[in-house]
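Numbered per mature numbering (1 follows the signal peptide of the UniProt record, and there is no 0), the sequence shown spans residues -26 to -1, 1 to 93.
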Amino acid sequence: MCTVRMKIRLLFAALFVLNKCTETAAQATETTTDDSWLDFTIYPPEPEEWEKICNGNETSPACKGICRLPVNPGPCRAFIHLWYFNGTSCVRFVYGGCLGNANNFENLSDCTRICGKAT
């Protein structure tokens, strides 16, 4: 599930990208009563989510599979700096704010911790 921080970031990114909303972002968040449309997993996950994905083992095949995915900024137009593993090291890239894949991390330390020793 998305954290509140992720939902807010996604909402603001959607409002910015779509630019079809006549109300301010503050008004939109105040008037929204049903956010079930946001109940899906977006990446990068929070650190505690990595525990679930990797079963508490950062060297598990689940984690290493994530590290082998190609960089994918997604089709949206937000401008979010994230990190991905390119097979050798962690590299910064610009994430569009939607879709993409699991090979993206909020910071260098998470990328290195999860993928730094991938083969």
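Note that CB positions come from ideal geometry on N, CA and C, so glycine has one too.
When you compare the CB positions of residue 50 and residue 85, do they come within less than 9 Å of one another, or not? Not a contact, by the Cβ cut-off of 9 Å.
Quick check on residue 56: does DSSP put it in helix, strand or coil? Of the three classes helix, strand and coil, the one that applies to residue 56 here is strand, per DSSP.
Report buried or exposed for residue 74, applying the criterion of at least 16 other Cβ atoms within 10 angstroms of its Cβ. The residue in question, residue 74, is buried, as its Cβ has 16 or more Cβ neighbours within 10 Å.
Return the residue from the list 44, 41, 68 that minimises the CA-CA distance to residue 54. When only C-alpha atoms are compared, the closest one is 68.
Identify every residue that forms a DSSP beta bridge with residue 45. Per DSSP, residue 45 has no beta-bridge partner at all.
Taking 9 Å as the threshold (C-beta atoms), are residue 81 and residue 45 in contact? No.
Secondary structure at residue 87, three-state DSSP: helix, strand or coil? DSSP places residue 87 in helix when its eight states are reduced to three.
Enclosing beta strand (DSSP E) for residue 72 [first to last residue]: Per DSSP, residue 72 lies in no beta strand (DSSP E) and is assigned neither H nor E.
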